[in-house]
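Report on the structure given below.
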Amino acid sequence: MLDVTDEQLASLYEDMVVIRRIDTEATYLQRQGELALWPPLLGQEAAQIGSGRALREDDFVFPSYRENGVAYCRGVDLGDIVRVWRGNAHSGWDPYELNMATPQVIIGAQSLHATGYAMGLKNDDSEAVALTYFGDGATSQGDVNEAMIFAASFQVPVIFFCQNNQWAISEPVGLQARVPISSRAPGFGIPSMRVDGNDVLAVLAATRVALHRARTGGGPTFIEAVTYRMGPHTTADDPTRYRDEAEMGEWAAKDPISRLGALLKSRGVLTEALESSVTAAADAVAKEMRHACITMPPPAPMDVFSHVYSEPNSTLDTQKENYARYLQSFPADSVEGINQ
Amino acid sequence: MSSMTFGRAINAGLRKSLEDDPKVILLGEDIGKLGGVFRVTDGLQKDFGSHRVVDTPLAEAGIMGCAVGLAYRGYRPVVEIQFDGFIYPAFDQIVCQVAKLHYRTQGKVTMPITIRVPFGGGIGSPEHHSESPEAYFTHTSGLRVVAVSNPQDAYSMLRQAISSDDPVLYFEPKRRYHIKGEVKEHAEPSLPMGSAQVVTEGRDVTLVAYGPLVRTALDAATAAADDGVSVEVIDLRSLSPIDYSIVEASVRKTGRLVVAHEASQSGGLGAEIATTITERCFHFLEAAPVRIAGFDIPYPPSKLEAHHLPDLDRILDGVDRALGRRNSLSGLGA
Ligand SMILES: Cc1ncc(C[n+]2csc(CCOP(=O)(O)OP(=O)(O)O)c2C)c(N)n1
Ligand SMILES: [Mg+2]
């Protein structure tokens, strides 16, 4: 079983428990009105940790909106995970600090960005790889299909990592694909793998194979990680309208964390001491994230005009001056943050 | 006549159209079992079947292109775009095909497609969920564009849009889905789809709005009345074509014009209306027309959206400017 030591297994386990805890805490924060929305990753921990942990620091990730577990692997500040979902900013972190783009809401768009980035990597003779995450639903978008065409045509170091979590909001994967999603990639000339996305070791192994191929000039790979979205699409969704309890039960039995836990137990690694240290780590992370979230200062009103252009813009400058005058026409404390 | 929410009124309009015309077919993401993310299509798939209320693969270009094919085949597709910001993958099909096929084929092929778009902000959403893209479409010849502001119009204008042989962009103000109003379901619509409507009469200033801001404009008129200013509010309803006769008659009376919209100011509807009214009513205008619009910025994060969206106070500031009263830009000259 790979070259993964017991210690590394325990560390993967801890990561999965921690990101589940991050996810649960964020869901609570949304319920408590601290976040506007949250897209849970519940059930997809193995897919995200297995792939996220396989990456090198200089690889670059182009995620959808659900890869908060991957962001954790990239070393994101905990408050930065929730900044977007609190409505404070459109992106929470500096892509160049984490080598990870910020959440992409437009379904599938990021797959082309990863491909273009990989074209750059190839031109630069870099050994780094671009990896893009997207869902089963996203595979229907033109962008994703065009990305595969470009990637194959130019043989660039990009990995298409599809988390098939069986659902695109209310639409089952069967509506997007009548064949396994992984079986499409070969038609584009891209080798593909279909892995058990709830098995962190299978995901890790597949990602390593793809990374090796990309680093050694072998071009793109498509990975379909078969997993399950155990929560709602987002906190605004009500899955009871469209999916069966029975299905949920079936997948609960394949819970990626319990599965790795069972393996660790069978190897005598998951001791009570480890269990409690993992829980403590997860609790500490959750606490830190909550604190960062609720103490995050709101953006100042005039920030609304920031960063539209990198150079001065006369039209916008006028609107900004006028709006400042407008705000000043109110008594000082009637507009939140007016004097900041 | 019954009282129903905005969302319900659209649902009733869709239902009636599905009943009346077997060629009406609904296409969209999550519109079936889920009933759409806003529940606007709730129950329709159950009652009309999955061949008429079609959950499509997740691809807007695909949806729109297939709607074109269905229209070729004699169907009347009604497409739901889940959120304003997701219409762009379909933009190419809309601009290059939907809008141009009638012209290209010298009238042989019609495109009776209705494109429903929940639009506008104010609901605390993430990026791409709060946009007002109407001007891209009013700039595109061959399309009709409407924006509804109340449950009755939501119902009637949807029915008119679906019956129209021309393609219609039908913009629904998502932050108003829950407001209630009386809806006459089966009566003939009282106005053509292309007409504007005076919703409050006034003497001093003409205030033109559409979609979500009609309600805000009405509130502003009430507030202005307390201040002794009489505001005439016009609900534009149709954004392409624009019913200038109503706006013109009003401005000839008031001599002053304010246009409000959520969309960014530059190249927006306000620019078009102010220009046309200036051309037509130059000698009746007592002051330069005023635009109160979203800033020329991408739609901001939700914590900042209250600053971007024209609200009652910003509209009143514009009314003051049109009236030459003290306002935030007093003393700036022009
Ligand atoms: C272009 C575009 N169309 C529609 C949406 C609305 N939307 C957001 S998520 C989603 C489903 C995505 O499903 P999938 O790709 O399987 O990813 P998952 O959410 O399951 O991770 C849809 C339709 C969007 N964000 N962008
Ligand atoms: Mg999915």
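Protein chains in written order, with the numbering used here: chain A, 1042 to 1381; chain B, 584 to 917.
The beta carbon of each residue, even a glycine, is placed where N, CA and C say it ideally should be.
Unbroken beta strand (DSSP E) runs of no fewer than 3 residues, entirely contained in the stretch 803 to 867 of chain B, are found at 814 to 818, 821 to 823, 840 to 847, following chain order. Of all alpha-carbon atoms in A/Asn-1140, A/Ala-1179, A/Ala-1192, A/Thr-1143, the one lying nearest the alpha-carbon of A/Lys-1163 is that of A/Ala-1192. In terms of Cα proximity to A/Thr-1276, the closest of A/Ala-1067, A/Thr-1356, A/Ala-1294, A/Arg-1219 is A/Ala-1067. Excluding its 5 nearest sequence neighbours in each direction, B/Gly-619 has C-beta neighbours in its own chain below 8 Å: Gly-611, Asp-613, Asp-625, Glu-663, Gln-665, listed in chain order. Take A/Pro-1280, set aside five residues on each side of it, and the residues of its chain with a beta-carbon closer than 6 Å to its own are Pro-1273, in chain order. If you check the C-beta of A/Arg-1107 against ligand 1, you find a heavy atom less than 7 Å away.
For a Cβ distance threshold of 9 Å, residue set Asp-896, Arg-897, Asp-900, Asn-910, Ser-911, Leu-912 of chain B lies close to A/Tyr-1367, ordered along the chain.
Non-local beta-carbon contacts of A/Gly-1149 in its own chain, meaning distances under 7 Å to residues more than five positions away in sequence, involve Phe-1175, Ala-1179, Gln-1182, Asp-1184, Val-1185 in chain order. The beta-bridge partner set that DSSP reports for A/Gly-1259 is empty.
Spatial neighbours of A/Gln-1217 in its own chain (CB-CB distance under 8 Å, excluding positions within 5 residues in sequence) are listed in chain order as Asp-1177, Gly-1178, Thr-1180, Ser-1181, Ala-1209. Contact residues of the stretch 858 to 881 of chain B toward chain A are Phe-878, Asp-879, Ile-880, Pro-881 (C-beta to C-beta distance below 9 Å). When secondary structure is reduced to three states using DSSP, B/Phe-631 falls in the helix class. Measuring C-alpha to C-alpha distances from A/Phe-1229 to each of A/Val-1045, A/Ala-1188, A/Leu-1304 identifies A/Ala-1188 as the nearest.
Taking 8 Å as the cut-off, the Cβ atoms of A/Ala-1266 and A/Val-1236 count as close.
When B/Gly-657, B/Leu-597, B/Lys-691, B/Glu-710 are compared, the shortest CA-CA separation from B/Val-636 is found for B/Leu-597.
Residue-level contact by beta carbon fails for A/Pro-1372 and chain B, as no gap is shorter than 8 Å. The stretch 1195 to 1202 of chain A and the stretch 1244 to 1255 of chain A touch, with three or more beta-carbon pairs separated by less than 8 Å. Sequence-distant Cβ neighbours of A/Ile-1060 in its own chain, meaning closer than 6 Å and more than five residues away, are Glu-1086, Gly-1110, Tyr-1113.
Membership of A/Arg-1235 in the beta strand (DSSP E) is indicated by the continuous run 1233 to 1237.
Checking the 7 Å criterion, the Cβ of A/Ala-1188 is out of range of every heavy atom belonging to ligand 1. The C-beta distance from A/Asp-1100 to A/Leu-1172 rounds to 6 Å, short enough to meet the 8 Å contact threshold. For the stretch 1349 to 1360 of chain A, the beta-carbon criterion of a distance under 7 Å to any beta-carbon of chain B is satisfied by Val-1349, Thr-1356, Leu-1357, Gln-1360. Cα atoms of B/Pro-824 and B/Glu-717: separation of roughly 12 Å, rounded to the nearest angstrom. Of all residues in the stretch 633 to 646 of chain B, those with a C-beta nearer than 9 Å to a C-beta of chain A are Asp-638, Thr-639, Pro-640, Leu-641, Ala-642, Glu-643, Ala-644, Gly-645, reading in chain order. Counting only residues of its own chain and dropping the five nearest sequence neighbours on each side, B/Thr-723 has a CB closer than 8 Å to the CB of Ile-677, Val-678, Ala-682. Sequence-distant Cβ neighbours of B/Thr-697 in its own chain, meaning closer than 6 Å and more than five residues away, are Val-661, Ala-744, Ile-745, Val-751, Tyr-753. A contact is defined here as three or more CB-CB pairs under 8 Å, and the stretch 878 to 890 of chain B meets this definition with respect to the stretch 1343 to 1351 of chain A. In this structure, B/Val-842 and B/Pro-795 do not form a Cβ contact; the two beta carbons are roughly 14 Å apart against a cut-off of 8 Å.
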